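Everything in the sequence shown is counted per my numbering, starting at 4 for the first residue and increasing by one.
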Amino acid sequence: MKIHKGANAFKSDKPTVVTIGTFDGVHAGHKKIINRLVDSAQANNLESVILTFFPHPRMVLQKESGIKLINTIEERTEILEQTGIDHLVIHPFTMQFSRLTANEFVKEVLVEKLKAKKVIIGYDHRFGRNRTADIDDLKKFGEELDFEVEEITRQDVEEVAVSSTKIRAALEEGRVEKANTFLQHPFSLEGEVVRGRGLGKEFSYPTANINIAEDYKLIPKNGVYVVRSKIEGKTYFGMMSIGTNPTVGGTSRTIETFFFKLDKDLYGKRLKIDLLIRIRDEKKFNSVNELKIAMRQDEAFSVQYIKDNYVE
């Protein structure tokens, strides 16, 4: 897969089939569209192109919405790389770009820059300044500018019954298993291991504190989760605490992971950690001793869950 930083940077020797979207999460519904894109490209001797945007349009046009995304742009790119497409165009979404008319967008971006001979798009897709144009307008442009339009019907979309909005809601409610089912892969958090307060070590649970630099990345509901991560080529399981550590007077939100059977210095390493299931809510215990008892119970639950689901 070739990655292009904007439509202006796009290069291809062949004409293309293009689909357009933010693809946050790259969930089951997205994959259905992408499979259709790849199949169409192969059948028609075209190159497959996904045109996506960063920042997310709502981050530019509705700043007050405070939207959080399932994936960082790096995570989105990594997942899309596994889908078999030829080109990923990450176009900067700006106020200036949002003011392009539908005609300008189709002619200048899709046809002239991306060489589109076919566009695959959802029945409810809207585009152009103020999102005034729809699928019927795109078909008219196709007739004028010599490209085919394939519509993803309402039935096709509703058959999958999944959306980025539903996944975000599930994560915000802590329902990570539901989110993972929608995504067809585990939701993950990725960041650098930084020094924390060192309290975990005092409790015999030394933790790796993850700092996530991207402030737009969605962090699931506070609580304790069973997790796994690949570290230096080997898979380790563990349990992650997301929250403020209220029992020991914490105030800022942290992401801390205790890995089972791991004795390595992880400071400065970048880890990608998959969240598998949520164990419980964050809770302020009456004493540190009560917290330690709860952590032992969390560990017992985690070990059993891993044994039942991942260890042969």
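Just so you know, even glycine gets a beta-carbon here, dropped at the ideal spot from N, CA and C.
From a predicted model like this one, the values you see are computed outputs, not experimental measurements.
Item	Value
Candidates L221, D277 and N212: which alpha carbon is nearest K233's?	D277
Could you give the distance in angstroms between the alpha-carbon of F262 and the alpha-carbon of K142?	54 Å
Look up Y239 in the DSSP assignment and give the residues it is bridged to.	S232
Could you check what DSSP says for P58 in three-state terms: helix, strand or coil?	coil
Counting pairs of beta carbons, one from the stretch 78–93 and one from the stretch 129–136, are three or more of them closer than 8 Å?	no
In or out: Y1 buried (at least 16 other Cβ within 10 Å) or exposed?	Summary: the structure shown does not reach residue 1, with the chain confined to residues 4 through 315, and so no result is reported for it.
Does the separation of the CB atoms of F288 and T250 fall below 8 Å?	yes
Between N47, V20 and L174, which lies nearest to I37 when the distance is taken from Cα to Cα?	V20
Quick test of your reading: K220 and T75, contact by CB under 8 Å. State the CB separation rounded to the nearest angstrom.	5 Å
For E151 and K121, which I take to be in contact (beta-carbon distance under 8 Å), what is that distance rounded to the nearest angstrom?	4 Å
Quick one: give me the first and last residue of the beta strand (DSSP E) that I282 is part of.	R273 to R283
Just how far apart, CA to CA, sit N48 and I138?	24 Å
Who are E193's beta bridge partners in DSSP?	K275
Below 8 Å on the Cβ atoms is my guess for V63 versus T97; work out the distance and round it to an integer in Å.	7 Å
Specify the secondary structure class of G246 as computed by DSSP and reduced to three states.	strand
If contacts are defined as beta-carbon pairs under 8 Å, then E217 and L274 qualify, I think. What distance do you get, rounded to the angstrom?	The Cβ separation is near 15 Å, so there is no contact.
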